[in-house]
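Below you'll find the structure, written out as structure tokens, and then a few comments.
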Amino acid sequence: MTDLAELTMIWADEIWREGLAPERQLTVSEWADKYRQLPSTSAEPGRWRTNRVPYLQEIMNCLSTASSVERVVFMAGAQIGKTEAGLNWIGYVIDHAPGIMLLVMPSLDMLKRNSRTRIDPLIASTPALKDKVAPPKAREKGNTIDLKSFIGGELVMAGANSPTGLRSTPVRYIFLDEVDGYPVDASGEGDPVELAIRRTATYKGRRKIYLCSTPTVAGVSRIEKAYNESDQRKYFVPCLECGGFQTIAWKRIKWPSGFPEDAYLECEHCGHAIHEAQKHKMLALGEWRSTGHGDGRTAGFWLPGLYSPFESWGEMAREFVTVKNDPPRLQTFINTRLGEAFEDRDLAPIEAQRLLNRSEQAGPILPDGVALITAGIDTQDDRLEMEIVGWGKDEESWSLGYHVLWGDPSKPDVWKELERLLAKTYPHPRDVSDLSIYAASIDSGGHRTPNVMSFCRQRQNRRIWAIKGRGGPGIPAWPKRPPKPKKGSAPLFIIGVDAIKHTFLSRLRIEEPGPGYCHFPQERDLDYYRGITAEKPIKVYKNGVARIKWVPVSGVRNEPLDCRVYAYAALHGVATTGIRLNELADMLAEKPIKSETMEKQMCVADNRKVVRSKWMAR
1 MTDLAELTMI WADEIWREGL APERQLTVSE WADKYRQLPS TSAEPGRWRT NRVPYLQEIM
61 NCLSTASSVE RVVFMAGAQI GKTEAGLNWI GYVIDHAPGI MLLVMPSLDM LKRNSRTRID
121 PLIASTPALK DKVAPPKARE KGNTIDLKSF IGGELVMAGA NSPTGLRSTP VRYIFLDEVD
181 GYPVDASGEG DPVELAIRRT ATYKGRRKIY LCSTPTVAGV SRIEKAYNES DQRKYFVPCL
241 ECGGFQTIAW KRIKWPSGFP EDAYLECEHC GHAIHEAQKH KMLALGEWRS TGHGDGRTAG
301 FWLPGLYSPF ESWGEMAREF VTVKNDPPRL QTFINTRLGE AFEDRDLAPI EAQRLLNRSE
361 QAGPILPDGV ALITAGIDTQ DDRLEMEIVG WGKDEESWSL GYHVLWGDPS KPDVWKELER
421 LLAKTYPHPR DVSDLSIYAA SIDSGGHRTP NVMSFCRQRQ NRRIWAIKGR GGPGIPAWPK
481 RPPKPKKGSA PLFIIGVDAI KHTFLSRLRI EEPGPGYCHF PQERDLDYYR GITAEKPIKV
541 YKNGVARIKW VPVSGVRNEP LDCRVYAYAA LHGVATTGIR LNELADMLAE KPIKSETMEK
601 QMCVADNRKV VRSKWMAR
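Mapping to full-length UniProt numbering: the sequence shown position 147 is 147, numbers consecutive.
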């Protein structure tokens with residue numbers, strides 16, 4: 001009995017001492033390896049393994065409560081895992097270090113989608129979280145699309161375009177996802193990043209702020225600015241041949257001529273060819289090294305998509321070969337694949353005379369490359385202006401017609417003329433039926449909105465769409481989801497005009513026919529070319545945040561530019577219906593050329609060569 005009593009006292013003492021001891025500090029990566037379960041919808045469902053993406057370990061650990069780092073900045077390419085690191089941090093906070101956390105997405109729509117596709121599966125598939133978060137019940141507010149309550153805290157989610165969620169309640173943790181997609185100003189209340197960070201003021205010394213994004217334009221990119229203010233860490237990996245450490249840089253990705261799928265990394269020390277199969281071992285042996293000083297409280301990490309275990313160097317090289325001559329797509333490659341801010345050299349003006357000099361002779365039939373036709377219509381008080389554009393593979397374009405329809409748009413005559421032009425068909429050199437205008441966008445702004453909406457409402461089945469342009473960063477060329485129309489009215493599509501103008505201006509600089517090249521007929525005069533270059537992009541600053549603003553050239557009519565913007569928006573609208581331009585172009589290219597038009601087409605091609613030679617000689 002004595003022995004049993006002594007043992008009992010010893011056990012009680014051990015339990016008592018264990019209860020007094022502080023809880024062992026887990027890091028975010030340790031928590032993720034121990035508890036995180038990836039849902040069945042994930043590319044690699046099952047238990048999370050940090051060793052699959054070893055470069056994320058230090059990033060996640062800096063988000064741990066024991067780390068002295070206050071702000072973590074992660075500038076990276078796509079498929080790197082920057083959002084997954086954030087999700088692991090959310091799980092860690094809910095389960096291990098509860099407090100109030102704010103997650104900010106670029107928009108309310110993205111917030112709702114992210115909540116359904118990322119946050120809900122994170123909680124549902126991870127047992128350590130499932131019992132700690134309030135169950136989703138219709139009559140309770142503890143688990144909604146923008147709020148997840150858990151023991152000891154809350155996860156509050158907000159859109160950067162809505163200032164309501166960016167103020168009031170103090171928060172200890174902030175997760176700012178894809179910050180380069182945030183608007184410059186949150187509904188007139190200031191920079192959304194600053195609005196969010198102000199909410200952590202009472203937690204200085206204990207707060208954690210995580211900013212991550214793919215970058216956009218150099219000098220404008222928020223994530224680039226934040227990274228430059230940090231200690232600028234880069235991930236160095238060893239050459240398995242000579243042991244020399246280096247970063248994986250695009251300038252050292254090489255491939256045999258004509259075979260980009262065989263791309264490899266050339267060691268900067270010994271010149272050895274490092275192949276894709278060696279990437280995983282290199283990553284496991286890699287280490288983060290600071291290349292700057294920073295403020296001592298901010299850890300900055302930069303990682304190109306070249307490090308991703310889910311993307312091969314060969315895939316990226318093939319993509320580069322395809323997009324290298326098309327500035328808008330090249331920018332996407334540099335931003336999302338290389339994780340670099342794009343050095344925008346397209347802010348310089350384009351000479352209208354130069355565009356006129358390269359114009360081409362138009363033939364009686366469509367150019368062979370045209371696969372689909374759209375139109376853009378601008379509305380004025382005394383007329384309509386319209387451009388008809390043919391589109392080919394990789395968005396090579398041909399201006400097929402430009403029309404000014406004089407008349408009062410509040411009366412039917414001008415709309416009858418527009419209907420006639422929209423119903424026109426165009427003979428194709430290939431053995432297919434004549435092409436018609438597949439879709440059109442009509443500006444609904446100004447004083448003729450009811451007339452535009454009435455015209456479009458009666459022609460929705462023909463994809464004649466009412467649109468309204470909106471400037472500013474982060475607004476897509478065409479909405480991802482169709483708007484809900486008012487009863488008895490046509491839907492109104494909000495288009496991102498700045499994004500389209502930037503793409504168009506970049507493509508006007510392409511000098512060789514091919515992807516993105518813009519063809520114009522000789523019938524246009526200099527005023528037309530002045531019109532399509534009638535707005536200039538300039539860099540402006542508001543509250544210390546840079547943005548690109550489009551400024552009209554004084555005394556120049558910009559309707560030709562607007563019409564092209566609307567025609568390009570219509571092409572984006574077509575894409576949302578499931579039509580793939582390149583697939584359509586490839587299908588038409590397989591059709592034989594009509595025998596009766598072959599001779600005409602050859603003559604036109606010869607004339608184009610003559611014009612092209614004269615232009616090059618100038």
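Backbone N, C-alpha and C fix where the C-beta goes; we use that ideal spot for every residue, glycine too.
Any idea if K36 is buried or exposed, counting beta-carbon neighbours within 10 angstroms, 16 or more meaning buried?
In the sequence shown, the residue the question calls residue 36 occupies position 36. Here residue 36 turns out to be Arg, not Lys, going by the sequence shown. Classification of R36: buried, given that the 10 Å Cβ count is 16 or more.
Quick one, are the C-beta atoms of P482 and G496 less than 8 Å apart?
Within the sequence shown, residue 482 is the residue found at index 482, counting from 1. Within the sequence shown, residue 496 is the residue found at index 496, counting from 1. No, these two residues do not count as a Cβ contact at 8 Å.
Which residues bound the beta strand (DSSP E) around P238?
Taking the first residue of the sequence shown as 1, we reach residue 238 at position 238. Unbroken beta strand (DSSP E) run through P238: R233 to P238.
Can you tell me whether I475 is helix, strand or coil according to DSSP?
As a first step, residue 475 is located in the sequence shown; it is residue number 475 there, counting from the start. The answer is coil: DSSP assigns I475 none of H, G, I, E or B.
In whole angstroms, give me the CA-to-CA distance for W48 and A78.
Here residue 48 is taken as the residue at index 48 of the sequence shown, counted from 1. Here residue 78 is taken as the residue at index 78 of the sequence shown, counted from 1. About 19 Å.
Taking all protein chains shown into account, decide if residue 619 is buried (16 or more other Cβ within 10 angstroms of its Cβ) or exposed.
This structure gives no information on residue 619, because the portion of the chain shown stretches from 1 to 618.
Of the residues R507, V553 and K594, the one placed nearest R564, counting alpha carbons only:
The sequence position of residue 564 within the sequence shown is 564, counting from 1. The option with the nearest alpha carbon to R564 is R507.
If you follow the beta strand (DSSP E) that R71 is part of, which residue opens it and which one closes it?
The sequence position of residue 71 within the sequence shown is 71, counting from 1. Residues R71 to A76.
Is there contact here, the region 174-192 with the region 82-91, by at least three beta-carbon pairs under 8 Å?
yes
Beta carbon of G81, beta carbon of A32: below 8 Å?
Locating residue 81 in the sequence shown gives position 81, where the first residue counts as 1. Locating residue 32 in the sequence shown gives position 32, where the first residue counts as 1. Cβ distance not < 8 Å, so G81 and A32 don't count as in contact.
At least three beta-carbon pairs within less than 8 Å, the region 374-382 to the region 425-436:
no
Unbroken beta strand (DSSP E) run spanning R470, endpoints:
In the sequence shown, residue 470 corresponds to position 470, counting from 1. Element bounds for R470: I464 to R470.
Can we say the region 298-316 touches the region 223-236, given the rule of at least three CB pairs closer than 8 Å?
yes
List the DSSP bridge partners of L155.
Stepping through the sequence shown from its first residue, residue 155 is reached at position 155. According to DSSP, which records beta bridges pairwise, L155 is partnered with M101 and K148.
Can you give me the C-alpha to C-alpha distance between G314 and W391, rounded to a whole angstrom?
Numbered from 1 along the sequence shown, position 314 holds the residue referred to as residue 314. Numbered from 1 along the sequence shown, position 391 holds the residue referred to as residue 391. Rounded to whole angstroms, G314 to W391 spans 29 Å at the Cα level.
When you compare only the Cα positions, how much space is there between I119 and M110?
In the sequence shown, the residue the question calls residue 119 occupies position 119. In the sequence shown, the residue the question calls residue 110 occupies position 110. I119 and M110: Cα-Cα distance of roughly 12 Å.
What's the C-alpha gap between A21 and V93?
The sequence position of residue 21 within the sequence shown is 21, counting from 1. The sequence position of residue 93 within the sequence shown is 93, counting from 1. Model confidence at A21 stands at a pLDDT of 48, short of 50, so the residue's coordinates are unreliable; what they give is reported in the following sentence. One C-alpha to the other measures close to 21 Å.
Which same chain residues end up closer than 7 Å to A218 when comparing Cβ atoms and leaving out the 5 residues on each side of it in sequence?
Along the sequence shown, read from residue 1 onward, the residue named residue 218 stands at position 218. Excluding residues within five positions, the ones whose Cβ falls inside 7 Å are E224, A341, F342, E343 and D344.
Which of the three DSSP states, helix, strand or coil, is assigned to E417?
For this step, residue 417 is matched to residue 417 along the sequence shown. The answer is helix: DSSP assigns E417 an H, G or I state.
Where V72 and I59 are concerned, what is the direct C-alpha to C-alpha distance, given to the nearest angstrom?
Translated into the one-based positions of the sequence shown, residue 72 becomes position 72. Translated into the one-based positions of the sequence shown, residue 59 becomes position 59. Answer to the nearest angstrom: the Cα atoms are 7 Å apart.
Note down, in chain order, each residue of its chain lying with its Cβ closer than 6 Å to the Cβ of residue 619, except the 5 sequence neighbours on either side.
Since the first and last residues shown for the chain are 1 and 618, residue 619 lies out of range.
Does DSSP classify R547 as helix, strand or coil?
On the sequence shown, residue 547 is found 547 positions in, with the first residue counted as 1. Strand.
Anyone know if the C-beta pair for F333 and V323 falls short of 8 Å?
To locate residue 333, count along the sequence shown from 1; it is residue 333. To locate residue 323, count along the sequence shown from 1; it is residue 323. Yes.
In chain order, what residues of the same chain lie with their CB nearer than 7 Å to the CB of E287, ignoring the 5 residues before and after it?
Numbered from its first residue, the sequence shown carries residue 287 at position 287. Contacts found: F236.
So, helix, strand or coil for K225, using DSSP?
Mapped onto the sequence shown, residue 225 falls at position 225. Three-state result, K225: helix.
Residues in the same chain with beta-carbon distance under 8 Å from G292, minus the five sequence neighbours each way, listed in chain order, please.
What you label residue 292 is simply residue 292 of the sequence shown in a count that begins at 1. The answer, listed in chain order, is N228, S230, D231, Q232 and G300.
Identify the continuous beta strand (DSSP E) that holds F175 and give its terminal residues.
The residue labelled residue 175 in the question sits at position 175 within the sequence shown. Per DSSP, F175 belongs to the beta strand (DSSP E) from Y173 to D177.
Mapping the DSSP letters down to three states, classify A85 as helix, strand or coil.
Residue mapping note: residue 85 aligns to position 85 of the sequence shown, counting from 1. A85 falls in the helix class under three-state DSSP.
Tell me whether H403 sits in a helix, a strand or coil according to DSSP, three-state version.
Within the sequence shown, the letter at position 403 stands for residue 403. In the structure shown, H403 sits in a strand (DSSP, three-state: E or B).
Could you please give the first and the last residue of the uninterrupted alpha helix (DSSP H) stretch that includes A534?
The residue you call residue 534 lines up with position 534 of the sequence shown. Premise fails: A534 is in no alpha helix (DSSP H) and is neither H nor E.
For V389 and A423, what's the separation of their Cα atoms in angstroms?
Indexing the sequence shown from 1 puts residue 389 at position 389. Indexing the sequence shown from 1 puts residue 423 at position 423. Roughly 14 Å separates the two Cα atoms.
Tell me, please, which residues DSSP counts as bridged to C212.
Here the question's residue 212 lines up with position 212 in the sequence shown. DSSP lists F74 and D177 as partners of C212.
With three or more beta-carbon pairs closer than 8 Å as the criterion, would you say the region 444-458 touches the region 548-567?
no
Opening and closing residue of the beta strand (DSSP E) in which R457 lies
Counting from one through the sequence shown, the residue named residue 457 turns up at place 457. First-last for R457: T449 to R457, but that is the alpha helix (DSSP H), not the beta strand (DSSP E).
Name the DSSP bridge partner or partners of G514?
Sequence index remark: in the sequence shown, residue 514 carries index 514 (1-based). Answer by DSSP bridge pairing: none, since G514 is not bridged.
Alpha carbon to alpha carbon, how far is D408 from S489? Give it in angstroms, no decimals.
As a first step, residue 489 must be located in the sequence shown, where it is residue number 489. As a first step, residue 408 must be located in the sequence shown, where it is residue number 408. Spanning the two alpha carbons is a distance of roughly 22 Å.
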